[in-house]
Amino acid sequence: MTGPTEPAALATRVRALLEAHWNPARGYCVPNPFTYPHLWLWDSCFHAVIWAHLGDERAVTELAAVLDGQLDGGLVPHMRYGPQPPDTWLGPLPASSSLAQPPMFGHAARVLAAHGLPVGPKVLDRARRGLDWLWEHRRADDGLLYVVHPWEAGNDHSPRWDDWGAPGRTAADYDRAARSAWNAARVHDLSFAADGAATWSSSFVVKPAAFNAYVAFNLAELADLLADDELAGRARGLAAAADALLWDPAAALWADLPVVGGGPSARIPISDGVMGALVTSDPGKAHAALDQLTLPDRFGAPAGPANVARTHPSYDPGMYWRGAAWPHLNYLFHLALRRWGRDEDAATLAERTRADAVASGWAEYWHAEDGRALGAVPQSWTGLVLAMDER
Numbered sequence: 000m001t002g003p004t005e006p007a008a009l010a011t012r013v014r015a016l017l018e019a020h021w022n023p024a025r026g027y028c029v030p031n032p033f034t035y036p037h038l039w040l041w042d043s044c045f046h047a048v049i050w051a052h053l054g055d056e057r058a059v060t061e062l063a064a065v066l067d068g069q070l071d072g073g074l075v076p077h078m079r080y081g082p083q084p085p086d087t088w089l090g091p092l093p094a095s096s097s098l099a100q101p102p103m104f105g106h107a108a109r110v111l112a113a114h115g116l117p118v119g120p121k122v123l124d125r126a127r128r129g130l131d132w133l134w135e136h137r138r139a140d141d142g143l144l145y146v147v148h149p150w151e152a153g154n155d156h157s158p159r160w161d162d163w164g165a166p167g168r169t170a171a172d173y174d175r176a177a178r179s180a181w182n183a184a185r186v187h188d189l190s191f192a193a194d195g196a197a198t199w200s201s202s203f204v205v206k207p208a209a210f211n212a213y214v215a216f217n218l219a220e221l222a223d224l225l226a227d228d229e230l231a232g233r234a235r236g237l238a239a240a241a242d243a244l245l246w247d248p249a250a251a252l253w254a255d256l257p258v259v260g261g262g263p264s265a266r267i268p269i270s271d272g273v274m275g276a277l278v279t280s281d282p283g284k285a286h287a288a289l290d291q292l293t294l295p296d297r298f299g300a301p302a303g304p305a306n307v308a309r310t311h312p313s314y315d316p317g318m319y320w321r322g323a324a325w326p327h328l329n330y331l332f333h334l335a336l337r338r339w340g341r342d343e344d345a346a347t348l349a350e351r352t353r354a355d356a357v358a359s360g361w362a363e364y365w366h367a368e369d370g371r372a373l374g375a376v377p378q379s380w381t382g383l384v385l386a387m388d389e390r
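In structure tokens form, the structure reads like this:
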């Protein structure tokens, strides 16, 4: 009998997941029709990766939808709104946010091309312009990139933001309304370019370890696809800057660097600090960080990896971005493990993630200790388990 995580059955279930969230009029999957009824940048890039593994040309349509929202100056916004804008004000633009997000369109484009799907010149040009914008408008003198709002980093309410006053120090003060109010306040502290892109904040600026790794990774992926030496050089330079300035030898992780606001919480050990393994050229750093994905006193939870070290006081495995396990992070850890030849570890992570995804009903994230479904259920990006299938 074919089990729910055998290749054919898994592909069937993942296709059904994306089909249920696909909006043909908009040309993209909503992550969840009720909780997340808009387009999110890295969600849709991950959807494109999943469509590609299904051999479905909607991969091209979804990636194009991400880049169709590009602003005049080149920023690819982190959200394109559905029929109604979100309740939280996200900048002066009527159809999209003014914020960035990890630019996974470089990776998505390379995956599509590897699966023989036609990524046209318009999409590739927009992807390069999106990376150019980050390089030109968000790069500091030390060579690192910075973000101006927590949502740009991807891990919206990480304990690393606690010293910026983020809600979430206790379960009692951590709910959706509190999070929305705090993030709305951060948006009101922003400065904007003429095209509406956020450029600076008076209260929150940080150089996140994972965001820098994600940009370097996507620079390298698009450089490989385009045979673009300039992008490849940027990727190497950014990875080297992160190694030099963000590596924390005591924690054996890459750590965030505050610019405006913040404090010691920026060095709380979270699994974002492993992401530098996607791009570093230093095998010692890469393996020291990757080892922690399975260490029980670090991120090695039964249904993990947990996204906060299990021995840290802020660890809460059932709380949003404060200890739970996330399928899209597992996908990226899987890529990093494969990059460093740790195929057995990658296969183990893939199998565990597939089992947790199915058992949770394709949850947005899950409890790192017991695998209990958390967040939106079902969530489209959890179909990434198909892209981790190596059998």
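Letter by letter, the sequence shown follows residues 0 to 390 of numbering that gives the first Met the number 0.
Note that the Cβ used here is the ideal one computed from N, Cα and C, for glycine as well.
Legend entry - Asn31 in three-state terms, based on DSSP: Three-state result, Asn31: strand.
Inset, instruction - Find the nearest neighbour of His366 within the set Phe332, Glu343, Pro326 and Leu218, judged by alpha-carbon distance. - result: Of the listed residues, the one whose Cα sits closest to His366 is Pro326.
Inset, instruction - With a 10 Å radius around its C-beta and 16 neighbouring C-beta atoms as the bar for buried, classify Leu89 as buried or exposed. - result: By the 10 Å Cβ count, Leu89 comes out buried.
Inset, instruction - From the DSSP output, in three-state form, read off Pro257 for me. - result: Strand at Pro257.
Inset, instruction - With Leu277 as the anchor, note down where its alpha helix (DSSP H) starts and where it stops. - result: Per DSSP, Leu277 lies in no alpha helix (DSSP H) segment and is marked neither H nor E.
Inset, instruction - Please report how far the alpha carbon of Asp290 lies from the alpha carbon of Leu230, in whole angstroms. - result: Inter-residue distance for Asp290 and Leu230 is about 30 Å (C-alpha atoms, whole angstroms).
Inset, instruction - Go ahead and label His106 buried or exposed: buried means 16 or more other beta carbons lie within 10 angstroms of its beta carbon, across all protein chains shown. - result: His106 sits buried, since 16 or more C-beta atoms from the chains shown fall within 10 Å of its C-beta.
Inset, instruction - Give the DSSP-derived three-state secondary structure of Phe298 in the structure shown. - result: Residue state, collapsed to three classes: coil.
Legend entry - Same chain, Cβ closer than 7 Å to Ala192, five either side skipped, listed in chain order: Around Ala192, the same chain offers Gly72 and Thr198 as residues with beta carbons nearer than 7 Å, after the five sequence neighbours per side are excluded.
Legend entry - Span of the alpha helix (DSSP H) around Phe216: Here the alpha helix (DSSP H) through Phe216 covers Ala208 to Leu225.
Inset, instruction - Using only alpha-carbon positions, find the residue among Ala212, Gly261, Asn217 and Ala222 that is nearest to Ala238. - result: Looking only at Ala212, Gly261, Asn217 and Ala222, the smallest Cα-Cα distance to Ala238 is reached by Ala212.
Inset, instruction - Mind checking who Trp21 pairs with in its DSSP beta bridge? - result: Within the DSSP secondary-structure output, Trp21 pairs in a beta bridge with Cys28.
Inset, instruction - Assign Ala387 to one of three DSSP states: helix, strand, or coil. - result: For the record, residue 387 in the displayed sequence is Met; it is not Ala. Here Met387 sits in helix by DSSP.
Inset, instruction - With distances taken Cα to Cα, identify the nearest neighbour of Ala10 among His286, Phe45 and Ile49. - result: It is Ile49.
Legend entry - Cβ neighbour criterion (16 or more within 10 Å) applied to Thr1: Low confidence applies here, because Thr1 scores a pLDDT of 41, under 50, leaving its location unreliable and the question unanswered by this model.
Legend entry - Val186 to Pro93 span [Cα, whole Å]: Between Val186 and Pro93, the alpha-carbon positions lie close to 15 Å from each other.
Legend entry - Distance, Gly360 Cα to Val376 Cα: Approximately 7 Å, taken between the alpha carbons.
Inset, instruction - Below 6 Å CB to CB, which residues in the same chain sit around Val118 once its five sequence neighbours on both sides are set aside? - result: So the qualifying residues of the chain are Ala108, Leu111 and Ala112.
Legend entry - Burial state of Leu331, where buried means 16 or more other Cβ atoms lie within 10 Å: Residue environment: Leu331 is assigned as buried (16 or more neighbouring CB atoms within 10 Å of its CB, all protein chains considered).
Legend entry - Bridge partners - Ala247, DSSP secondary structure assignment: For the record, residue 247 in the displayed sequence is Asp; it is not Ala. For Asp247, DSSP records a beta bridge to Leu252.
Legend entry - Spatial neighbours of Arg127 in its chain, beta-carbon cut-off 8 Å, leaving aside the 5 residues before and after: Excluding positions up to five away in sequence, the list reads Leu221, Leu225, Asp227 and Leu230.
Legend entry - Collapsed DSSP secondary structure at Tyr364 in the structure displayed: In the structure shown, Tyr364 sits in a strand (DSSP, three-state: E or B).
Inset, instruction - Compute the beta-carbon to beta-carbon distance between Ser379 and His20, rounded to the nearest angstrom, for a pair I have assumed lies under 8 Å. - result: Between Ser379 and His20, the beta carbon gap of about 5 Å places them in contact (Cβ cut-off 8 Å).
Legend entry - Cα-Cα separation between Ala285 and Leu189, rounded to whole angstroms: As the crow flies, the alpha-carbon of Ala285 is around 35 Å from that of Leu189.
Inset, instruction - Give the straight-line distance between the Cα atoms of Trp253 and Gly232, rounded to the nearest whole angstrom. - result: Cα to Cα, the separation comes out at about 21 Å.
Inset, instruction - Would you kindly check if the distance between the Cβ of Leu66 and the Cβ of Asp122 is under 7 Å? - result: Checking the sequence shown, residue 122 turns out to be Val, not Asp. In this structure, Leu66 lies closer than 7 Å to Val122 by Cβ.
Legend entry - Val13, buried or exposed, once every other Cβ within 10 Å from all chains shown has been counted against 16: With 16 or more other Cβ atoms within 10 Å, it is buried.
Inset, instruction - Could you please give me the residues that DSSP links to Met103 through a beta bridge? - result: Under the DSSP definition of a beta bridge, Met103 lacks any partner.
Legend entry - C-alpha distance - Tyr319 paired with Asn306, whole-angstrom precision: In a straight line, the C-alpha of Tyr319 is about 10 Å away from that of Asn306.
Inset, instruction - Along the beta strand (DSSP E) that carries Ser43, what are the first and last residues, could you check? - result: Not the beta strand (DSSP E): Ser43 falls in the alpha helix (DSSP H), residues Leu40 to His52.
Inset, instruction - Below 7 Å CB to CB, which residues in the same chain sit around Arg390 once its five sequence neighbours on both sides are set aside? - result: Unreliable positioning characterises Arg390 in this predicted model, as indicated by a pLDDT of 41, which lies under 50. The coordinate reading is nonetheless provided below. Excluding positions up to five away in sequence, the list reads Pro6.
Legend entry - Inter-residue Cα distance where the pair is Asp296 and Tyr314: Taking the Cα positions, Asp296 is about 11 Å away from Tyr314.
Legend entry - CB-CB length for Pro316 against Glu363, believed under 8 Å: With 8 Å as the limit, Pro316 and Glu363 do not qualify as a contact, their Cβ atoms being about 15 Å apart.
Inset, instruction - Would you mind working out which of Ala219, Gly81, Arg159 and Glu135 sits nearest Pro312, comparing C-alpha positions? - result: Of Ala219, Gly81, Arg159 and Glu135, the residue nearest in Cα terms is Arg159.
Inset, instruction - Please list, in chain order, all residues of the same chain as Thr293 whose beta carbon is under 6 Å from its beta carbon, the five residues on each side excluded. - result: Taking C-beta separations shorter than 6 Å and ignoring five residues to either side along the sequence, the partners of Thr293 in its chain run Gly299, following chain order.
Inset, instruction - Pick out whichever of Pro36, Glu18, Ala63 and Asp42 has its Cα sitting closest to the Cα of Leu53. - result: Checking every option, the nearest Cα to that of Leu53 belongs to Glu18.
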